[in-house]
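I have placed the structure first, in the form of structure tokens, so that the comments after it can refer back to it.
Protein chains: 4
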Amino acid sequence: MDEIDIAWESEPELDDPVFVEGLPGVGHVGKLVAEHVVEEADSELVARVHSEHFPPQVTVGDDSVAELANAEIHAVDTAGRDLLVLTGNHQAQDNVGHYRVTEAVLDVAEEFGASELYALGGVPTGELVEEHDVIGAVSDEDLKERLEDAGVEFRSEEPAGGIVGSSGLLLGLGGRRGFDAACLMGETSGYLVDPKAAKAVLAVLEEMLGFDLDEEALDDRADEMEEVVSRLREMEDGPSPGGEEDLRYIG
Amino acid sequence: MDEIDIAWESEPELDDPVFVEGLPGVGHVGKLVAEHVVEEADSELVARVHSEHFPPQVTVGDDSVAELANAEIHAVDTAGRDLLVLTGNHQAQDNVGHYRVTEAVLDVAEEFGASELYALGGVPTGELVEEHDVIGAVSDEDLKERLEDAGVEFRSEEPAGGIVGSSGLLLGLGGRRGFDAACLMGETSGYLVDPKAAKAVLAVLEEMLGFDLDEEALDDRADEMEEVVSRLREMEDGPSPGGEEDLRYIG
Amino acid sequence: MDEIDIAWESEPELDDPVFVEGLPGVGHVGKLVAEHVVEEADSELVARVHSEHFPPQVTVGDDSVAELANAEIHAVDTAGRDLLVLTGNHQAQDNVGHYRVTEAVLDVAEEFGASELYALGGVPTGELVEEHDVIGAVSDEDLKERLEDAGVEFRSEEPAGGIVGSSGLLLGLGGRRGFDAACLMGETSGYLVDPKAAKAVLAVLEEMLGFDLDEEALDDRADEMEEVVSRLREMEDGPSPGGEEDLRYIG
Amino acid sequence: MDEIDIAWESEPELDDPVFVEGLPGVGHVGKLVAEHVVEEADSELVARVHSEHFPPQVTVGDDSVAELANAEIHAVDTAGRDLLVLTGNHQAQDNVGHYRVTEAVLDVAEEFGASELYALGGVPTGELVEEHDVIGAVSDEDLKERLEDAGVEFRSEEPAGGIVGSSGLLLGLGGRRGFDAACLMGETSGYLVDPKAAKAVLAVLEEMLGFDLDEEALDDRADEMEEVVSRLREMEDGPSPGGEEDLRYIG
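Residue numbers (full-length UniProt numbering), protein chains in the order written: chain A, 1 to 251; chain B, 1 to 251; chain C, 1 to 251; chain D, 1 to 251.
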């Protein structure tokens, strides 16, 4: 295997596609959005990205078949713009790997003619969030106006700690290559998987790219999380009378 | 020394051998099985694998002679299939090294014409295990039926955290090369070296590959561990009256 | 992107410039001095240094535009010597990267004909410091006399733990290349951002290089820190009556 | 600078020299012996080994001159065999670096025609040691008899955790190259710098190589440590009446 190995599954024709990234991170917000788009819209697996910089492991599917650690690139046909969506279970585990995997992914985006990219994620607030604002950062100041019209908030020098990992590098390295790149970050506590923050980010993405997906799956997931949160609150208030409860939703 | 250095000791003729891996890991299950097969059957050291990605250390033998960190590949002649068995005291210590050592080991397996591989290990349950089920994961769904007939259980999306390290990569990278690859994981507490879990895994391997080894050594080891466990239970119940006891068996 | 990537912004003509480094470190002393010089004197951005060995992240500016992790090299025109000033938010994250980034930066210094360098930093004392001595270390014993005349103290074998990171390597690798190199370290508690230690280091630098900058900005920053320190002392003495206070200045 | 950079200081003529290593480690035993030999016998600095795998730092000498992290190779003329002695303040910080630095050092040893090597260190016992036995491990069983005659003890499979770092790799990689290599490990608590363990190792080395050095410096150092130990014991027995005492000897 090469240091970074792109295993092609299909080579769809895409019309000026937009590159969208949603990998695991704060509240799994970016991953929830990206997976929702891939599942709800008409999509096709384009490639799996493997790398020596990913963890040395396989995941086991529902058919007990092992899948080497990878990130997936899907082509998605929406009512609006064509998309290339990067999602999966892994990010690179070391600095050098992060840079190299991101460059390889940007090469794929360029091969399909993409010149616009959205890196999706969450921004942790440290407390339970009622209103899920979406914070933005951009590669070019000119991109802000349209994003503000779609509901994105821009706050000077926030997030204060910068944007770390794939989302940050896609914005930084993508911007250097001339991509119109934005990072959309849903506010979230940072403690729990957060489908509501994902819905807020999805709404911005749909507005920007002209499509509108069924949100039932995210709503169901949000309902499940609501229940988890109310159980956690009960546990804080006193011992739960109900015995063993399933708290495995906590990300 | 090269990044990965295969020091050949012999070049036996093998007939369509099966590659079997058992390196240190959960409950040392895989290592116990692999070493038992090497010791009980007719075997010959084929090569030592050294690597800059192994820990920078030597082990000291019973003759006080130092041996540079390595993994060993043995040729094993059984009543059934010929085997190539990978075992030893070390795995690579970094992600890139894990990928590269595994690829080098698969190269050796291919040189001997192997096209089938079994990665052996344990799966931690977090509690003392009475019935040692063997859980499986495969590179190809078609492999499951024969394994189920040999007593392997397949559970959807388990182990939930995936399979990490050499076993996982041999399955993932081996599968990509076209090996018929399976990982056999004995259920074990995860706290102790577990010869009983090893016996359960060995039984599956013997059934699949048509051989039958004396198990006395594993039984003796299991008896020792039984004693350790009962002492631990006594210690939980109260101070042991017997003074200093040897608990060094805990892995 | 290359392993180390110098993105040129301008190519000023400099007359026998002195290379000055102030990156994040103990008390942010070096960074405070370097940024103060860049802001108060007539300066121009020469290059941004990016590297795979920097953290995989962007910082977000006051215009919400993302900037890939980098260190900046500025040309500074003072009343005395011309300067090349290295500052920024990041150091390399691994040993090999530290060596390689430092070598690349020294290449830039040599391209501009610099043969003298000052690495600026803090030396932690573990307690609040009243008198901010400046401790020195040099690449060549002949450099000590002029520095002592400018107020630098030389203490045998101090700092005892050596000088770690960019400052240490610029001194060590710069000295090997024939630079006249000195490290100037302001004594500081090590617990807080320390503008007073920065003023002490700046004073030595000005004396050595023949310029004299307005220090109001550092004085203001020092006043802010004074307030932080007095609040911390109140907190030690008892619960603060004033409710939530802003202690975000603590570096 | 290259990945590993040998800076030559002299090229002495040596007659069939023996390579001796004493770098920082358990109880600093190896380093104490190696430095004692270099200081007490007639010695000359041959080379400094620098490497990207060493920590990114300089040490500061008694003249405030910085010295880039390095290990030193000295030629030593004794009444017995000629020696090449490797000592210094640093070992490589990562696995790959450990292997590569060791190979580079063995290249130097071979350039001078050395075919015999002694790696010196300590073996931790976890308790204060009265009798400082010297434990041995070898590259070849034939080496044991002469070492036993010189007072070395060989204990089956000890040290149980193997020998880690430079000493281990010099033994392992040196043995692979055909060196007659031995590791001599003085028993020591592991908590303190241990000049007495160093004396025990030195005695073996002198016996093997036919020289006899003044030991006053090690005796003085041992007396200092005795005092430290007795103060520590007093502290265990109750609060010291004497106020602040200097415990900086603890390594």
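Idealized CB from N, CA, C, for every residue including glycine.
For the region 66-89 of chain C, the set of positions with a beta-carbon nearer than 8 Å to some beta-carbon of chain A reads Ala66, Glu67, Leu68, Ala69 in chain order. The Cβ-Cβ distance between Asp82(C) and Asp16(C) falls below 8 Å.
Contact check between the region 75-92 of chain A and the region 188-201 of chain B: fewer than three CB pairs, one atom from each, fall below 8 Å, which does not count as touching. Val33(C) is a Cβ neighbour of Leu202(C), given a cutoff of 8 Å. Per the Cβ contact rule, the region 152-172 of chain D is in contact with the region 56-74 of chain B (3 or more Cβ pairs under 8 Å). DSSP lists Asp77(D) as the bridge partner or partners of Asp42(D).
Three or more pairs of CB atoms, one per stretch, sit closer than 8 Å, so the region 9-28 of chain C contacts the region 43-50 of chain C.
With a threshold of 8 Å between beta carbons, Thr59(D) makes contact with chain C.
In the DSSP assignment, Thr188(D) falls within the unbroken beta strand (DSSP E) covering 180-188. For Gly162(B), the closest Cβ of chain A is nearer than 8 Å.
Residue contact with chain B for His53(D): absent (no Cβ-Cβ distance below 8 Å to any residue of chain B). Between Gly121(A) and Cys183(A), the beta carbon gap of about 7 Å places them in contact (Cβ cut-off 8 Å). When Cβ pairs closer than 8 Å are counted between the two stretches, the region 127-141 of chain B is seen not to touch the region 26-42 of chain A, the count staying below three. Comparing alpha carbon positions, the residue from Ala66(A), Asp42(A), Val20(A) closest to Gly161(B) is Ala66(A).
Inter-residue distance for Glu207(B) and Leu213(B) is about 11 Å (C-alpha atoms, whole angstroms). Taking C-beta atoms as the reference points, Ala197(C) and Gly186(C) count as a pair closer than 8 Å.
When beta bridges are read from the DSSP output, Val20(B) appears opposite Val85(B), Tyr118(B). Non-local C-beta neighbours of His53(C) in its own chain, meaning closer than 8 Å and more than five positions away in sequence, comprise Glu3, Ile4, Ala92, Gln93, Asp94, Val96, Gly97, His98, Arg100, Val101, ordered along the chain. According to DSSP, residue pairing for His50(B) in a beta bridge involves Asp5(B). The DSSP-derived three-state label of Glu72(C) is strand.
At a cut-off of 8 Å between beta-carbon atoms, Ala137(A) makes contact with chain C.
Put simply, the CB of Met235(C) is far from chain A, with every gap to its CB atoms at 8 Å or more. Residues of the region 211-227 of chain D with a Cβ closer than 8 Å to any Cβ of chain C: none. In this structure, the CA atom of His50(C) is about 8 Å from the CA atom of Ala7(C).
Identification of chain D residues near Gly165(C) by a Cβ-Cβ cut-off of 9 Å yields Pro56, Gln57, ordered along the chain. Ranked by Cα distance from Ala217(A), the options Ala41(A), Val26(A), Glu236(A) are led by Ala41(A).
A Cβ-Cβ contact shorter than 8 Å links Ser139(D) with Asp180(D).
By the Cβ-count criterion, Gly126(B) is exposed, with fewer than 16 other Cβ atoms from all chains shown falling within 10 Å of its own Cβ. Counting of Cβ neighbours within 10 angstroms places Glu39(A) among the exposed residues, the total staying below 16. Taken residue by residue, none of the region 28-51 of chain D has a beta-carbon sitting less than 7 Å from a beta-carbon on chain B. Along the region 184-208 of chain C, there is no position whose C-beta sits under 7 Å from a C-beta of chain A. Boundaries of the beta strand (DSSP E) around Ala137(C): 134-138.
For Thr59(A), the enclosing beta strand (DSSP E) stretches over residues 57-60. One finds Val60, Gly61, Asp62, Asp63, Ser64 in chain B with Cβ atoms closer than 9 Å to the Cβ of Ser156(D), taken in chain order. Not flagged as an interface residue toward chain C: Val108(A), since no C-beta distance is shorter than 8 Å. Around the beta-carbon of Arg146(A), fewer than 16 other beta-carbon atoms lie within 10 Å, marking it exposed.
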